[in-house]
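In my numbering, the protein residues as written are 246 to 578.
Glycine residues also receive a C-beta, built at the ideal position from the N, C-alpha and C atoms.
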């Protein structure tokens, strides 16, 4: 098993690594007010951050928390810019070592992956197999166990200062779910226990959300030997030819998630469906005929078109440009 090299903390906390992480954080977002303000004194701020990390004085700031309805209510947490830089430097340093073990059917994190590639793989599975079974995890990010996640990091990481930094960042993220708005998003009956939960926001949360289920990918492909499979974060799809095989696999997957990751399937009694039926996956509407915009994307476009009537033409132009780029990425015209 390839391990993270020694001196990890010294490398990720160096001024050069922090500056590189800052450049990546602001790429394409330089007009955002918080990033523009940070950019005014970025060199001095990053130098102070470097010294704070080197002297073990760094402490993450509280997340900026809000609720978003799209269409269901989601709890979104934005880390401070300094904390984004630290998270980006951390993942840039250690992430590639872990990503070498990611299978090709995992699309959440890593170079050459992403939701567009996942949607194209879904379409290929629909066209190749007669049946599919779409599964996901109940309250996934709120249910991720910090102890389990730290154990997964520790399999390849021996640098105690880096592990302590990861634990510190996880604790700060878990505090998001003790905010009063978390009860609104999750409901009074589903607050995560102490030592659980990654916020929806931040590089570490997104990357760790993909990494946490890497073991499931290998279990499905190596032990269950499901012929068609793909995963994007906690959304995963099994493709096959026999309903009984897919149902048995789903049962074993539920057992594995409970015993190995302390997670629960959202619909443990889900049944396979025919690939002749269209599907909605990651915001796309897919059928054997091709890919189109899903209900959410169409609703967002309608809202943005209505804004044109109020004179916000610049916002509409940016939106249309983003949609055009999305369809080009999927092979559209």
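Item: Span of the alpha helix (DSSP H), counted from its first residue to its last, around residue 339; Value: 326 to 344
Item: C-beta contact flag for residue 483 and residue 364 at 7 Å; Value: no
Item: DSSP three-state assignment for residue 537, whether helix, strand or coil; Value: strand
Item: C-alpha distance - residue 329 paired with residue 345, whole-angstrom precision; Value: 24 Å
Item: Alpha carbon of residue 307 to alpha carbon of residue 443, nearest angstrom; Value: 13 Å
Item: Backbone secondary structure at residue 527 - three-state DSSP; Value: coil
Item: Assigned exposure category for residue 296 - 16 Cβ within 10 Å defines buried; Value: exposed
Item: Beta-carbon proximity check, residue 478 vs residue 454, cutoff 7 Å; Value: yes
Item: Neighbourhood of residue 373 by C-beta distance below 8 Å, restricted to the same chain and skipping five residues each side; Value: 473 and 484
Item: Unbroken alpha helix (DSSP H) run spanning residue 477, endpoints; Value: Careful: residue 477 lies outside any alpha helix (DSSP H), inside the beta strand (DSSP E) at 473 to 477.
Item: Cβ shell of residue 369 (< 6 Å), same chain only, five flanking positions each side left out; Value: none
Item: Three-state class that DSSP yields for residue 578 in the structure shown; Value: With a pLDDT of 47 at residue 578, under the threshold of 50, the modelled position of this residue cannot be trusted; read the value that follows with caution. Three-state result, residue 578: coil.
Item: Cβ-based burial, residue 277 [other Cβ within 10 Å; buried from 16]; Value: exposed
Item: Cβ neighbours of residue 457 in the same chain (closer than 8 Å, five flanking residues each side left out); Value: 389, 393, 394, 397 and 506
Item: Expected contact under 8 Å - CB spacing of residue 302 and residue 322 to nearest Å; Value: At roughly 24 Å, the Cβ-Cβ gap does not stay under 8 Å, so residue 302 and residue 322 are not in contact.
Item: Contact check, residue 371 vs residue 495, beta carbons under 7 Å; Value: no
Item: At least three beta-carbon pairs within less than 8 Å, the segment 349 to 368 to the segment 460 to 474; Value: yes
Item: For residue 485, the first and last residue of its enclosing beta strand (DSSP E); Value: 480 to 485
Item: Inside the segment 362 to 447 only - alpha helix (DSSP H) runs reaching at least 4 residues; Value: 385 to 388, 391 to 399, 405 to 419 and 425 to 431
Item: Sequence-distant residues of its chain with Cβ nearer than 6 Å to residue 354 (five each side left out); Value: 452 and 455
Item: Three-state secondary structure (DSSP) of residue 518; Value: strand
Item: Nonlocal neighbours in the same chain, by C-beta distance under 7 Å from residue 445, ignoring five residues either side; Value: 319, 320, 321, 322 and 386
Item: CB contact flag (residue 399, residue 338, <7 Å); Value: no
Item: Same chain, Cβ closer than 6 Å to residue 415, five either side skipped, listed in chain order; Value: 391
Item: Residues that residue 532 bridges to, as DSSP identifies them; Value: 535
Item: For residue 270 and residue 520, the rounded distance between their alpha carbons; Value: 40 Å
Item: Between the CA atoms of residue 332 and residue 357 - distance to the nearest angstrom; Value: 21 Å
Item: Per-residue DSSP class, three states only, for residue 321; Value: strand
Item: Beta-carbon gap between residue 423 and residue 342 smaller than 7 Å; Value: no
Item: Cut-off 7 Å between Cβ atoms - residues of its own chain near residue 486, not counting five sequence neighbours on either side; Value: 374, 375 and 376
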